[in-house]
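Residue numbers (my numbering): 10 to 673.
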């Protein structure tokens, strides 16, 4: 409760009485409008307040004894500004330099008046909004309702508790002091910290409700602190989830048209979290980030899945017989490097189900599906109990086939279906097939069916030359489960509805395998949430986390909005689905997803292309110079943060995620 009391105490601090300290005086504005303020400052004032790095927050108080105006402007330092007298000062400096006169230090040869004139400079600031009082309560508005003549203002640099209150002030009427606030780091203005390290740390808090059901982006070069920040977000979400005891698996009450939060800001149901771990750093301890795996801290509520069989992990397996497209996509990825022509022909077969009203295409698809499933059976894939395949046959074929087939449609076990297709190959020169080609203009055994039959019979060109055929599929049966009553998707959804953490370890799978499993899991969760929404059943919050998101998400110019990740970005809010994604490049992510993102965490970016992209959002243009400039090893975790309830961007040094909280 100590932290919560400390946060709540901030609400009682009066910016208008505590924010004006003579020792923190910075200067006065000489120009002011709705967006910008230009200040006159001196070297002595800058030194006294501990420097004014780019991004510093300043307060410009209205001070006119003739007016009772309880308001002040919040400023952010952008860059130096030109003064009207600068040309004269520069001319004087050049003149002194030409005469080789010493202009600084104890032995300066400047007269006192010239020293005084040379010490002044201008400072350009962005106006972020207005703090004002209505009665005894303080508010913040992210604009300027009215501005007065510049000479009426005096500017101070806030520090300590005043700065803490400013950076943690929530948008609108929600002030600091929420029961759900969580410390994520401290204020940091610059890469150099000569002055800052001597000052009291100013903590920065986030409200987990900013992330629940919303979209959050983390961008920055490798090893700049993105993963650590994601872990801090997971930590904050887990902490707020632990404050409620309700779980949301099945509920009879209507839940979509009412608030999902209690009056104190705590969610009504425990929050489920699923992490798609591309590098294995959340599921496994590693030397690079020793002791910072999410699983290590939350073992009791975490379930891990892997594409490989290994201790402590549940396997990611699908039923290849009931999930035909997903299974065939995996097989295609496994065999993508095969050079044999018959294998390439097999992999090019289209197994997607056509519309049923396209009778010809549907009939041919049923045949292809039946042969493909027979290949799986012969390769050792365990079939579901009482599994059968069905496909239409003509009356003429029914009359000559020596099998117990029903008229018009065969419904066979896979063993009997295999015998049927063997019979087809043995009798491929029968008059029936010759007449069929003459009548219809194409073979009954078309090219795609032929490719599948070669795989099934292991006869190249169906002429008796032996090939590996279906035996090439045998190594992949480890990814198959014969069960149709349970699947990893259902188990994952159950875990998430109970408010647990699920980690999908994709670090040892190839890209196609990663995408196949990720797409399938995301689609299943989305479909479950949509069904609950339609049936007016409550959805607890489920948070999706994607590391190396560029491997899964659609690219920048992808216009297809029907993909699962675009749907989560656009429709997830109403389903209580949150999306948190991290990657190196802003330009690698679909613009549709970017436009729906509310929370931003930006670390070091190393090229102008990425800077141009980030300038499109909020007021990150103010930080572009510093984002591309800083890249030292000491800058890990130096983030520019914009969250949903904060009206402006905050430069913050994110705390390191740790398994155990250090005692003070």
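C-beta atoms are modelled at their ideal positions from N, C-alpha and C, and glycine is treated no differently.
All figures in this text were calculated on a predicted structure; none of them were measured in a lab.
Rounded Cβ spacing between residue i and residue j (contact assumed at less than 8 Å)
i: residue 490; j: residue 328; result: 6 Å
i: residue 4; j: residue 257; result: Examination of residue 4 is not possible in this model, given that the chain is present from 10 through 673 alone.
i: residue 383; j: residue 471; result: The Cβ separation is near 15 Å, so there is no contact.
i: residue 343; j: residue 485; result: 5 Å
i: residue 664; j: residue 193; result: 6 Å
i: residue 7; j: residue 227; result: Past the edges of the chain, shown from 10 to 673, lies residue 7, and the structure says nothing about it.
i: residue 34; j: residue 92; result: The Cβ separation is near 19 Å, so there is no contact.
i: residue 63; j: residue 571; result: Wrong, their Cβ atoms sit about 43 Å apart, outside the cutoff.
i: residue 141; j: residue 148; result: 6 Å
i: residue 658; j: residue 628; result: 6 Å
i: residue 80; j: residue 161; result: The Cβ separation is near 11 Å, so there is no contact.
i: residue 85; j: residue 662; result: Not a contact, Cβ separation roughly 17 Å.
i: residue 529; j: residue 294; result: Actually they do not touch by this definition, with Cβ atoms about 28 Å apart.
i: residue 8; j: residue 420; result: No statement about residue 8 is possible, as the shown extent of the chain runs from 10 to 673 and does not include it.
i: residue 48; j: residue 131; result: 7 Å
i: residue 281; j: residue 551; result: 4 Å
i: residue 24; j: residue 36; result: The pair is not a contact, with the Cβ atoms about 19 Å apart (cut-off 8 Å).
i: residue 605; j: residue 579; result: 6 Å
i: residue 57; j: residue 32; result: 7 Å
Beta-carbon proximity check, residue i vs residue j, cutoff 8 Å
i: residue 429; j: residue 409; result: no
i: residue 677; j: residue 378; result: One cannot answer for residue 677 here, as it falls past the ends of the chain, which runs 10 to 673.
i: residue 676; j: residue 213; result: What the structure shows of the chain is the stretch from 10 to 673, and residue 676 is not part of that stretch, so it cannot be assessed.
i: residue 385; j: residue 482; result: yes
i: residue 533; j: residue 556; result: no
i: residue 43; j: residue 136; result: yes
i: residue 583; j: residue 610; result: no
i: residue 387; j: residue 427; result: yes
i: residue 589; j: residue 234; result: no
Neighbourhood of residue i by C-beta, 7 Å cutoff - its chain only, sequence neighbours within 5 removed
i: residue 653; result: 219, 223, 607 and 608
i: residue 319; result: none
i: residue 98; result: 126 and 127
i: residue 29; result: 70 and 165
i: residue 208; result: 59 and 168
i: residue 255; result: 277, 278 and 279
i: residue 252; result: 275
Other residues of its chain near residue i: CB distance less than 6 Å, five sequence neighbours each side excluded
i: residue 301; result: 666
i: residue 452; result: 446
i: residue 266; result: Since pLDDT at residue 266 reaches only 46, below the 50 mark, its modelled position is unreliable, and the value read off the structure follows with that caveat. The answer is none, since no qualifying residue turns up.
i: residue 504; result: 312 and 511
i: residue 460; result: 354, 355 and 358
i: residue 310; result: 509 and 510
i: residue 261; result: Note that residue 261 scores 42 on pLDDT, short of 50, meaning its location in the model is unreliable and no value can be drawn from it.
i: residue 22; result: 170 and 174
i: residue 337; result: 360
i: residue 68; result: 28, 81, 165 and 167
i: residue 567; result: 599
i: residue 18; result: none
Close Cβ partners of residue i (< 8 Å) along its chain, the five nearest in sequence each way excluded
i: residue 230; result: 593, 612, 613, 614, 615 and 640
i: residue 248; result: 191 and 217
i: residue 325; result: 314, 315, 316, 488, 497, 513 and 526
i: residue 270; result: 218, 276 and 277
i: residue 303; result: 240, 243, 284, 291, 292, 311, 510 and 512
i: residue 633; result: 620, 623 and 624
i: residue 585; result: 221, 222, 269, 538, 548, 549, 550 and 551
Residue i beta carbon near the ligand COA (any heavy atom closer than 7 Å)
i: residue 581; result: This structure lacks the ligand COA, and indeed carries no ligand of any kind.
Whole alpha helix (DSSP H) elements within the region 410-488, 4-residue minimum: Restricting attention to alpha helix (DSSP H) runs no shorter than 4 residues, the region 410-488 encloses them at 423-435, 440-449 and 456-466, ordered along the chain.
Inside the region 22-98 only - alpha helix (DSSP H) runs reaching at least 4 residues: Segments of the alpha helix (DSSP H) lying fully in the region 22-98: 24-27 and 52-57.
At least 3 beta-carbon pairs within less than 8 Å: the region 508-517 vs the region 356-373: Two segments are said to touch when three or more pairs of C-beta atoms, one from each, lie closer than 8 Å; by this definition the region 508-517 does not touch the region 356-373.
Curious, which full-length beta strand (DSSP E) runs of at least 3 residues does the region 574-617 contain? Within the region 574-617, the runs of beta strand (DSSP E) that reach at least 3 residues and sit entirely inside it are, in chain order, 586-592 and 608-611.
Count Cβ pairs between the region 559-579 and the region 587-601 that sit closer than 8 Å; are there 3 or more? Contact holds: three or more Cβ-Cβ distances are below 8 Å.
Touching or not, the region 472-481 and the region 336-352, by the rule of three or more beta carbon pairs under 8 Å? A contact exists between the region 472-481 and the region 336-352.
Sequence ranges, beta strand (DSSP E) only - wholly within the region 275-332, length at least 3: Within the region 275-332, the complete beta strand (DSSP E) runs of at least 3 residues are 281-286 and 311-315.
Mind pulling the beta strand (DSSP E) runs of 3 or more residues that sit fully within the region 202-253? Fully contained in the region 202-253 are the following beta strand (DSSP E) runs of length 3 or more, in chain order: 212-215 and 224-228.
Which runs of the beta strand (DSSP E) at least 3 residues long sit entirely within the region 536-572? Give them in chain order. At a cut-off of 3 residues, the continuous stretches assigned as beta strand (DSSP E) that sit fully inside the region 536-572 are 551-555.
Quick check on the DSSP output: what are the complete beta strand (DSSP E) runs of length 3 or more inside the region 339-401, in order along the chain? Within the region 339-401, complete beta strand (DSSP E) segments of at least 3 residues are found at 397-401, given in chain order.
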